[in-house]
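Numbering of the sequence shown is given in the working numbering, commencing with residue 33 and proceeding in unit increments. Beneath this line is the structure, given in C-alpha cells, with notes to follow.
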Amino acid sequence: MIEALKEAVLDKAGIKMQGRGDCEMLSDLILGQTNEFISYNTLRRMYGFAPEVKPRVTTLDVLAQFCGYASFQQFCLQHHRFERWNRQLDLVHRVEQCSPSQCIKYIQEAPGNLERVELATQIACALIDAKRWNHFSEFCQGIHSSIKGQDYMAQLYFGNRIGLRLGNTRGQISNALMHPSVVSLICTININYSSVNGFHGNWWERINRTRQNTEITCLIKCLLQTKRLLLGLPIKRGVGGQILANDSKHLHPILRSRVIATLWLEGRRDFEQLWEDVHGRQPRGLLKLSSVHEMNMLALMTGDISLAQNIMKRSFSMSNIPYYQLHHLNVFFLLQSFIEIARGRDDIGTKFLLQFDKSQIRIGYKQILHLVYLRLKLEVTRSDKRLYPKVHSDLSKQIVKVSLPYFSESWIKTYFNQEKTNL
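Next up, the structure:
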C-alpha cells in the first residue's frame, strides 16, 4: 500500500522522480500544501535514490494528507474501495464477452466474501437487463452454493436486489426463471406482498406449475393463498391439508408458520390442535419470533384479534436478536400494539407503536406493514381533531399506493370489527 501512496503523491505533484532535484521540489510542494515538512533525504530513501528505510507512520500520514486524505489509514481504506470498484466495473464491462462460468471463476478470485456477493449481484443484474435469461439461470445455478454459504444478511441482499430488478421487467416470464436455483436464491427471499397483482404474483403461479422441492412447493402454495386474500378472491379449501398430508414437521419453522396461517385462512380455528398438527410436540424453550411471522402478518392484515391472541399465548425469545431478525421484532411490535388497542388500552398500544421502526422492515413487506401501522395510528388518534384527519389522509393515500382489492375504505371501517375476524 506504501507503493500505491508513493504513486499517488507523484500523480498529485505532477512530476517524475528522477533525482535529488525532484526530491527537493516535492519536499517544497508538500510543505506548501500541508504545512508539514518532509526532508528531501526522506523522499530520496522512499523513491530509491538512497538506501531504503521503512518510513514512519507520521511521514505516511503527511503524504496521504498531501493527496487529500485525512491519514494513511484513510488512504488505505479508500484505495481498497477504489480497487474493488474497478474490479466490479471491469467484470460488468466484460459480461457481454464472458460466459456465466467465466464470470463465476472471476468472482471466486475476489478477495472477500462480501465482494463476491456484490460482484454476483451486479452480474445477475446485468444479465437481467440484457434479457439473457438462459445465461442468468446458468449463472444462478453456478453461484447457488456460494450464495447459500454466506450469512443470511448476504443472502437477503442478493435475493432482494435481484427480486426488485426482476419486478421491473415487462413481458412474459421466461422459463429460465423456473429453475430451482433461481427460485431458491430469489423467490424464497424477496417475497413481495405488494406485487401479488404483478410480476411476483404471476411468477408464483408459474412456479406452482413446475416441479420443485417440497419446501418450495409448500411456500408457493401458501403464497398463492395469500395472493387470493389480497386480491379479494375466494380462498381455496384443502391446500393446507395437502401440505399436512406430506408431513410439515421437517419444514423450517418460518415455513411452518405459513402453513398454520394458510390453514387458519382456510377456516381452521382450533389453534392448539392446529399448532400440534403442524409442529408435532411443543418445541422446547422460547420460540424465535420468526416462527410466528406469517401468522403475525395474517392477523395484522385482516384485523384478526383471535389469531393475534392465540399467537401471544406462546413464549418468545426477545433478547440477543440477530440484526437480520429485527424485521420480525418490528412486526411483533405491531402485533402487540394491535392487541392492546383492540382491548381499549390505547396508551399501551401507542407505546408499542412508537417502537416500530419501518426502516427495519424487509422491502417486500414494507408497503403493507406501513398501511397497518397507519391504521393502528388512526385508531389511537381518533379523538385528536388536529392529527386524525392527517393520519386518515395518509392512510387513504397508502391504500391507493398499495392498490390491492382487499384494502379499501371499508377495510379501514371494519378493521377492529370482531365479526370481521372470522374470514
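Built from N, CA and C at the ideal position, the CB exists for glycine as well. Treat the numbers as computed from the prediction; the structure is a model and nothing was measured.
Using 8 Å for Cβ pairs, my map puts residue i next to residue j. What's the rounded Cβ distance?
| i | j | result |
| --- | --- | --- |
| Leu37 | Phe107 | 6 Å |
| Ile343 | Asn362 | The Cβ separation is near 15 Å, so there is no contact. |
| Leu256 | Glu237 | 7 Å |
| Ile34 | Leu92 | 7 Å |
| Ile292 | Val310 | 5 Å |
| Leu318 | Ser349 | 4 Å |
| Gly195 | Asn224 | 7 Å |
| Leu427 | Leu406 | 4 Å |
| Ser322 | Gln357 | 6 Å |
| Met49 | Tyr79 | 5 Å |
| Leu403 | Leu366 | At roughly 11 Å, the Cβ-Cβ gap does not stay under 8 Å, so Leu403 and Leu366 are not in contact. |
Hey, quick one: how far does the alpha helix (DSSP H) through residue i stretch, first residue to last?
| i | result |
| --- | --- |
| Ser415 | Note, Ser415: premise wrong, no alpha helix (DSSP H); not H, not E. |
| Glu170 | Trp165 to Lys180 |
| Pro285 | Pro285 to Leu297 |
| Leu58 | Arg52 to Thr66 |
| Asp260 | Before going further, note that residue 260 is Arg rather than Asp in the sequence given. Here the alpha helix (DSSP H) through Arg260 covers Thr246 to Leu262. |
| Glu39 | Ile34 to Ala45 |
| Asp183 | Run containing Asp183: none; DSSP gives neither H nor E here. |
| Met329 | His325 to Thr334 |
| Cys219 | No alpha helix (DSSP H) holds Cys219; DSSP gives it neither H nor E. |
| Ala340 | Ile337 to Ile343 |
| Ser131 | Segment: none, Ser131 is in no alpha helix (DSSP H) and carries neither H nor E. |
| Asn145 | Asn145 to Asp161 |
| Ala208 | Per DSSP, Ala208 belongs to no alpha helix (DSSP H) and is neither H nor E. |
For residue i, which three-state DSSP category applies?
| i | result |
| --- | --- |
| Leu319 | strand |
| Phe114 | helix |
| Phe448 | coil |
| Phe388 | coil |
| Phe509 | In this structure the chain extends from 33 to 455, so residue 509 is not present and cannot be described. |
| Phe81 | coil |
| Phe348 | strand |
| Arg202 | coil |
| His232 | helix |
| Arg300 | coil |
| Tyr510 | Residue 510 cannot be examined here, being either before or after the span of the chain that is shown, 33 to 455. |
Going by Cα to Cα distance, which pick from the options is closest to residue i?
| i | options | result |
| --- | --- | --- |
| Lys44 | Ser369, Asp60 and Phe98 | Phe98 |
| Leu410 | Lys398, Lys445 and Tyr438 | Lys445 |
| Phe370 | Val85, Ile393 and Asn449 | Asn449 |
| Ile252 | Asn222, Gly264 and Leu265 | Asn222 |
| Ala277 | Asp302, Leu265, Thr258 and Cys250 | Cys250 |
| Cys135 | Gly144, Asn145 and Ala156 | Ala156 |
| Leu262 | Thr334, Gln274 and Gln105 | Thr334 |
Legend entry - Segment contact flag, the region 139-147 with the region 163-170, C-beta cutoff 8 Å, min 3 pairs: no
Legend entry - Inter-stretch contact (C-beta, 8 Å, three-pair minimum) for the region 382-397 and the region 415-434: no
Legend entry - At least three beta-carbon pairs within less than 8 Å, the region 266-274 to the region 227-244: no
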